[in-house]
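Numbering (mature numbering (1 follows the signal peptide of the UniProt record, and there is no 0)), first residue to last: -19 to -1, 1 to 307.
No residue lacks a Cβ here, since even glycine has one placed at the ideal position from N, Cα and C.
Note that the coordinates shown come from a computational prediction; the quantities given were computed from them, not determined experimentally.
Okay, structure first, notes after.
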Amino acid sequence: MIKRSILLSSLLWSTVASADTNWLSATLDNDFFVNEDNGYTNGIFVSLYDLNSEDETTHQPSFWVSPLTWSLPDRPVSNAFNAYSFGQTLMTPFNIEEKVPGPDTFPYSALLSFTNTYIAIGSDHADRLSTTLGVVGPIAMGKESQKAVHRVVDAKMPQGWDTQLENELVFEFSRGRTWRSWVSENENADLLTGANISLGTLRSSVSTGFVVRYGRGLASSFATVLLSQSRTSNPIAVDQGWFVYAGVEMTMIGNQIFTDGNTFRDSRSIDYDHNYNVFTSGITYAWEDMSLAFAINAPFSLTEESQNNDLDKFTRYGTLTLAWQI
């Protein structure tokens, strides 16, 4: 299994390396930004961006998102790009010192994934196609990653990784759009609205939401909010712009492997509220060839059930992205 995983990663990387990639980003999701160490405890993503140069025509979708291209409108766009992201995410229960966590706590799980995101940008809207392929289970090396980090920072050692989800190949197809629905007269503030639908063994969901931004150079960066939905990066400013933002996303979840457990075999799982809502706020600043972004994503429930409130706390995290031209 490990040899197959390495071979698959090599093939994916060779596909990306052949592209004319001139931007790179690194994103760290972690709950230590909000003083926690459970639930969605860590995510690391490295992304490469294949952008147009001045003498190139608009990029076309790559092979990985080809099953979704039929959904793109048949009209010209001002710009488009492909982003390729490799990442690892870890989920752990509340008490990581228990060898056998309680039946109502988050299962241990890790995901090692590759995501191709294609974004086509119009004058007042942007479309996103996204395909994620990955593996869940011991092959994703969550146990090794978390223990290595905890040794370095002298934190408590997780004891329950032997109860994690079993090895499974997973996928997710996702289609989203954001509209620049309102712009202030002096163009230093705007309102973005959006919708997204996902289908796969990793996750199936339907969502809608909005983001309010204030800053400089907003017209050239509104499409970057779509990158956060595939965890490619946070919304980032470009071309020496900057902005602060706040927004809400409301999601109806059909299935997600981190809480439902393995798709084709028995495994640990938990009951959860399929209505998932997130308040997000952040700030980003861009230089000529670099951009830095930080955000807090805080889920909230519309019910008073204690179990749902606990899940909200377990999935709250901070996220930091550094992007630079290469």
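| task | Return helix, strand or coil for T70, following the three-state DSSP convention. | result | On the sequence shown, residue 70 is found 89 positions in, with the first residue counted as 1. T70: strand per DSSP, three-state reduction.
| task | Spatial neighbours of Q41 within its chain, please: CB distance less than 7 Å, with the 5 preceding and 5 following residues excluded, ordered by chain position. | result | As a first step, residue 41 must be located in the sequence shown, where it is residue number 60. None.
| Where the alpha helix (DSSP H) through Q127 begins and ends | For the purposes of this step, residue 127 is taken as residue 146 along the sequence shown, with counting starting at 1. Its alpha helix (DSSP H) spans residues 123 to 134.
| query | Where N60 and I102 are concerned, what is the direct C-alpha to C-alpha distance, given to the nearest angstrom? | reply | Working through the sequence shown from its first residue, we reach residue 60 at position 79. Working through the sequence shown from its first residue, we reach residue 102 at position 121. The alpha-carbon atoms of N60 and I102 are separated by roughly 5 Å.
| said: My assumption, with CB atoms under 8 Å, is that G24 sits in contact with G68. Please give the rounded CB distance. | reply: Locating residue 24 in the sequence shown gives position 43, where the first residue counts as 1. Locating residue 68 in the sequence shown gives position 87, where the first residue counts as 1. Yes, they are in contact, since the Cβ atoms of G24 and G68 sit about 6 Å apart, within 8 Å.
| Three-way DSSP call (helix, strand, coil) for T261 in this model | Counting from one through the sequence shown, the residue named residue 261 turns up at place 280. It is a strand residue.
| field | Check whether N261 and A276 have beta carbons under 7 Å apart | value | Position 280 of the sequence shown holds residue 261. Position 295 of the sequence shown holds residue 276. Inspection of the sequence shows that residue 261 is occupied by Thr rather than by Asn. Taking 7 Å as the Cβ cut-off, T261 and A276 qualify as a contacting pair.
| field | Terminal residues of the beta strand (DSSP E) in which I277 lies | value | As a working mapping, residue 277 is identified with position 296 in the sequence shown. From DSSP, the beta strand (DSSP E) with I277 extends over 271 to 281.
| said: Am I right that L207 and A107 are in contact with their C-beta atoms under 8 Å? What's the rounded C-beta distance? | reply: The sequence position of residue 207 within the sequence shown is 226, counting from 1. The sequence position of residue 107 within the sequence shown is 126, counting from 1. L207 to A107, Cβ: 6 Å. Contact.
| message | Based on DSSP bridge pairs, tell me the residues matched to M233. | response | Here residue 233 is taken as the residue at index 252 of the sequence shown, counted from 1. Note: M233 sits in a beta bridge opposite V187, N256.
| Is it the case that the CB of E269 approaches a heavy atom of the ligand GDP more closely than 6 Å? | Judged by which ligands are present, the structure shown has none, so any question about the ligand GDP falls away.
| query | Can you tell me the Cα-Cα spacing of S188 and S214, whole angstroms? | reply | Indexing the sequence shown from 1 puts residue 188 at position 207. Indexing the sequence shown from 1 puts residue 214 at position 233. Their Cα atoms are separated by approximately 19 Å.
| query | Hey, would you say L183 sits closer than 7 Å to E230, going by beta carbons? | reply | Numbered from 1 along the sequence shown, position 202 holds the residue referred to as residue 183. Numbered from 1 along the sequence shown, position 249 holds the residue referred to as residue 230. No, Cβ-Cβ distance for L183 and E230 is not below 7 Å.
| Touch test, the stretch 75 to 90 against the stretch 41 to 50, Cβ-Cβ under 8 Å, three pairs minimum | no
| task | Decide yes or no for the touch test of the stretch 242 to 251 against the stretch 131 to 142: beta carbon pairs closer than 8 Å, at least 3 of them. | result | no
| said: How far does the beta strand (DSSP E) with F95 in it extend, from its first residue to its last? | reply: Counting from one through the sequence shown, the residue named residue 95 turns up at place 114. 90 to 102 is the span of the beta strand (DSSP E), which, as asked, contains F95.
| message | So the candidates are G175, Y21, Y89; which of them puts its Cα closest to the Cα of G242? | response | On the sequence shown, residue 242 is found 261 positions in, with the first residue counted as 1. Per the Cα distances, Y89.
| request: Have a look at the DSSP bridge pairing and note the partners of W51. | output: As a position in the sequence shown, residue 51 is number 70, starting the count at 1. None, per the DSSP bridge assignment.
| Reference W268, options V193, V58, D105, D220, closest by Cα | Translated into the one-based positions of the sequence shown, residue 268 becomes position 287. Comparing Cα positions, the closest option is D220.
| Could you check where the alpha helix (DSSP H) with D10 kicks off and where it finishes? | Sequence index remark: in the sequence shown, residue 10 carries index 29 (1-based). Per DSSP, D10 belongs to no alpha helix (DSSP H); it is in the beta strand (DSSP E), 2 to 11.
| Helix, strand or coil at S165 according to DSSP, with G and I counted as helix | Sequence index remark: in the sequence shown, residue 165 carries index 184 (1-based). It is coil, neither helix nor strand.
| Is the CB-CB distance between G181 and R109 below 7 Å? | Numbered from its first residue, the sequence shown carries residue 181 at position 200. Numbered from its first residue, the sequence shown carries residue 109 at position 128. No, they are not a contact pair.
| field | DSSP state of A227 mapped onto helix, strand, coil | value | By 1-based counting over the sequence shown, the position of residue 227 is 246. Reduced to three states, the DSSP call for A227 is strand.
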